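Student:
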Amino acid sequence: MAAPTLADILAGKSEAHRVLHSPGGTRFIVLNAIEAFNSQWVENGTLYSTDDNTILVQFGEWQWHVDRVVWNGEDRLELQMRRYPGDAPGLVLRVDLAVRLAHTSTDNQTIPLDELTGWLELWYQINRQRR
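What follows is the structure, given as structure tokens:
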């Protein structure tokens with residue numbers, strides 16, 4: 119079976135995807151549900167611009183689960199995230215799209231959005247032994 123198109127996802131034709139719109143509707147996050155292991159689901163997120171459906175930022179590789187999204191206007195959002203298989207603590211990212219930066223709650227770092235996926239994987243490698 120072919121993967122659903124973004125148009126299908128936005129039309130609600132995919133049970134494996136949820137769409138979370140910003141308050142003013144200028145941006146949206148698509149959460150993609152992936153079965154990582156027997157009934158263990160990960161919902162990875164991708165943020166898009168509504169104008170032309172371009173990807174603004176991917177929130178990590180498929181293993182990064184988005185637990186919660188809170189929009190603070192059109193340009194700011196907060197994400198509570200954790201990485202499958204759960205052998206590292208979760209973290210909170212505060213994203214400012216106007217300046218294309220993410221600020222972490224765990225170690226008070228600021229990361230350019232273009233470097234976020236790599237930074238998340240490095241953070242996971244460093245922190246997965248702490249539990």
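Residue numbers (our numbering): 119 to 249.
In this text, a Cβ means the ideal position worked out from N, Cα and C, and glycines have one as well.
Here the structure is a predicted model, which means the values were calculated and not measured.
1. Go ahead and pull the three-state DSSP assignment for Asp170.
2. Just mark Ser85 as buried or exposed, buried being the case when its beta carbon has 16 or more other beta carbons within 10 Å.
3. Terminal residues of the continuous alpha helix (DSSP H) containing Asn245?
4. Which runs of the alpha helix (DSSP H) spanning at least 4 residues fall entirely within the region 124-208, listed in chain order?
5. Would you kindly work out how many angstroms separate the C-alpha atoms of Gly122 and Leu138, rounded to a whole number?
6. What does a CB cutoff of less than 6 Å around Asn150 pick up in its chain, not counting 5 residues either side in sequence?
7. Glu219 lies in the beta strand (DSSP E); which residues open and close that run?
8. Taking one C-beta from the region 228-244 and one from the region 197-215 each time, how about it: are there three or more such pairs within less than 8 Å?
9. Could you give the distance in angstroms between the alpha-carbon of Gln181 and the alpha-carbon of Gln227?
10. If Gly208 and Asp185 are in contact, beta carbons under 8 Å, what's the gap, nearest whole angstrom?
Tutor: From the atom records:
1. Residue state for Asp170 is assigned as coil, using DSSP reduced to three classes.
2. The structure shown does not extend to residue 85, since the chain is modelled only from 119 to 249, so the question has no answer here.
3. Counting along the chain, Asn245 sits inside the alpha helix (DSSP H) bounded by residues Leu234 to Asn245.
4. 124-128
5. Reading off the sequence, residue 122 comes out as Pro, not Gly. Distance between the alpha carbons of Pro122 and Leu138: 17 Å.
6. Excluding positions up to five away in sequence, the list reads His135 and Asn162.
7. Note that residue 219 is Leu in the sequence shown, not Glu. Counted as a single uninterrupted DSSP element, the beta strand (DSSP E) harbouring Leu219 occupies residues Leu219 to Thr222.
8. yes
9. 21 Å
10. 7 Å
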